[in-house]
Amino acid sequence: VTALEVTIANRLDELPRVVALVDELARSCRLAAPVVADLQVALDEVLANLIRHAYHDDRVHQIRVRLTADARRVQVEVEDDGQPFDPRTAPAPDRGSSLAARRPGGVGLHFVRALMSDVQYTSAGSRNRLVLTRNLTDQREAAPRGDR
Amino acid sequence: VEIVEGSTDQVTILQARGRVDSTTAPRLGERLQAALGPGGRVVLDLRDVEYMSSAGFRVLLLAGKQADTAGGRLVLAGVVGKVHQLFDLGGFLDLFVVASSRDEAVTLARGDAAR
Numbered sequence: 001v002t003a004l005e006v007t008i009a010n011r012l013d014e015l016p017r018v019v020a021l022v023d024e025l026a027r028s029c030r031l032a033a034p035v036v037a038d039l040q041v042a043l044d045e046v047l048a049n050l051i052r053h054a055y056h057d058d059r060v061h062q063i064r065v066r067l068t069a070d071a072r073r074v075q076v077e078v079e080d081d082g083q084p085f086d087p088r089t090a091p092a093p094d095r096g097s098s099l100a101a102r103r104p105g106g107v108g109l110h111f112v113r114a115l116m117s118d119v120q121y122t123s124a125g126s127r128n129r130l131v132l133t134r135n136l137t138d139q140r141e142a143a144p145r146g147d148r
Numbered sequence: 149v150e151i152v153e154g155s156t157d158q159v160t161i162l163q164a165r166g167r168v169d170s171t172t173a174p175r176l177g178e179r180l181q182a183a184l185g186p187g188g189r190v191v192l193d194l195r196d197v198e199y200m201s202s203a204g205f206r207v208l209l210l211a212g213k214q215a216d217t218a219g220g221r222l223v224l225a226g227v228v229g230k231v232h233q234l235f236d237l238g239g240f241l242d243l244f245v246v247a248s249s250r251d252e253a254v255t256l257a258r259g260d261a262a263r
């Protein structure tokens, strides 16, 4: 099992550090490009949403991102102390079919639910923990056996 | 994201490459906004984009609306692979003019201007 971790502040300009962490995992586990894309999109959605909406003071808050991978799946844990929000309960996005009427809200968390194999969320005390799982479904996606 | 700009037959071609996410989407938005001035005709080629998060779709929606209100035209090309999957998941395929090739995109963007 490969595990990598980073702690970022609740600012959007910290997100490239998480992008780099996913790339590092991808390199060391030889993850296929579509898997890397799914992980990057899901983390961008979750973290941007968290940073934009979960904090209601001017203090610096820490968000811990931990990635673990084995031959069968990649798991992403996000721990924060923001206002609890279960992404599984987010409403489905507006799917209005005209450009003028279409509002972009809600699409991000829809991407998370669609791209990830499983989404778990718990909130206890002042800590929230989100666990995303991306199964590696076939030979091309799976990390080579014994790879670290 | 890297954006290479060219033009042909009065159409601006923006070739995007790499990743479109919360960090990079504003850059793409600025380029689209500048190219879609009054009557601006733009082809955005996404063939070399690895992925686009909702931040990218947000700037595409704004650019599409800008084109509609300012008499311009935005045509997408290279909507393939992972990017196509994301367009499909988000219900965005019907909201944009999506061409199946760069040449077709230029023809569609040029529209009446060429006749």
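Top to bottom, those sequences are chains A and B. Using this note's numbering, the first residue of the first sequence is number 1, and each one after it goes up by one. Using this note's numbering, the first residue of the second sequence is number 149, and each one after it goes up by one. Idealized CB from N, CA, C, for every residue including glycine.
Exposure of residue i, with buried meaning 16 or more beta-carbon neighbours within 10 Å
| i | result |
| --- | --- |
| Asp38(A) | buried |
| Val228(B) | exposed |
| Ala20(A) | exposed |
| Ala71(A) | exposed |
| Leu222(B) | buried |
| Thr89(A) | exposed |
| Glu45(A) | buried |
| Ala164(B) | buried |
| His56(A) | exposed |
| Arg263(B) | Here Arg263(B) scores only 45 on pLDDT, less than 50, and its place in the model should not be relied on; the value that follows carries that caveat. Exposed. |
| Ala217(B) | A quick correction: the sequence has Thr, not Ala, at residue 217(B). Label assigned to Thr217(B): exposed. |
| Gly220(B) | buried |
| Arg206(B) | buried |
| Arg52(A) | exposed |
Three-state secondary structure assigned by DSSP to residue i
| i | result |
| --- | --- |
| Gly219(B) | coil |
| Thr255(B) | helix |
| Gly96(A) | coil |
| Gln233(B) | helix |
| Ala225(B) | strand |
| Leu67(A) | strand |
| Ala42(A) | helix |
| Val1(A) | coil |
| Val245(B) | strand |
| Val36(A) | helix |
| Ser123(A) | strand |
| Ala9(A) | strand |
| Arg73(A) | strand |
| Ile83(A) | According to the sequence shown, residue 83(A) is Gln rather than Ile. Coil, per DSSP. |
| Ala262(B) | Low confidence applies here, because Ala262(B) scores a pLDDT of 45, under 50, leaving its location unreliable and the question unanswered by this model. |
Below-8 angstroms beta-carbon distance, residue i vs any chain B residue
| i | result |
| --- | --- |
| Gln75(A) | no |
| His53(A) | no |
| Leu50(A) | no |
| His110(A) | yes |
| Ala37(A) | yes |
| Ser97(A) | yes |
| Pro93(A) | yes |
| Leu132(A) | no |
| Leu31(A) | no |
| Val46(A) | no |
| Ala26(A) | no |
| Leu12(A) | yes |
| Gln120(A) | no |
CB contact check: residue i to chain A, cutoff 8 angstroms
| i | result |
| --- | --- |
| Asp196(B) | no |
| Arg206(B) | yes |
| Leu176(B) | no |
| Ala221(B) | Before going on, a small fix: residue 221(B) reads as Arg here, not Ala. No, Arg221(B) lies away from the interface with chain A (no Cβ there is under 8 angstroms from its Cβ). |
| Gly212(B) | yes |
Residue i, enclosing beta strand (DSSP E) - first and last residue
| i | result |
| --- | --- |
| Arg127(A) | Arg127 to Asn135 |
| Gly154(B) | Glu150 to Thr156 |
| Val191(B) | Arg189 to Met200 |
Through-space distance from residue j to residue i, alpha-carbon basis
| i | j | result |
| --- | --- | --- |
| Phe85(A) | Leu15(A) | 20 angstroms |
| Pro87(A) | Gly259(B) | 43 angstroms |
| Glu174(A) | Arg250(B) | Any question about residue 174(A) goes unanswered here, given that chain A covers just 1 to 148. |
| Val149(B) | Val1(A) | 31 angstroms |
| Leu31(A) | Lys213(B) | 37 angstroms |
| Ala173(B) | Gly204(B) | 5 angstroms |
| Ala182(B) | Gly125(A) | 48 angstroms |
Terminal residues of the alpha helix (DSSP H) in which residue i lies
| i | result |
| --- | --- |
| Gly177(B) | Ala173 to Ala183 |
| Glu24(A) | Leu15 to Cys29 |
| Ala164(B) | Unbroken run through Ala164(B) is the beta strand (DSSP E), Val159 to Val168; no alpha helix (DSSP H). |
| Ala114(A) | Val107 to Leu115 |
Any non-hydrogen atom of the ligand FAD within 7 angstroms of residue i CB
| i | result |
| --- | --- |
| His53(A) | Among the components modelled here there is no ligand, and therefore nothing to report on the ligand FAD. |
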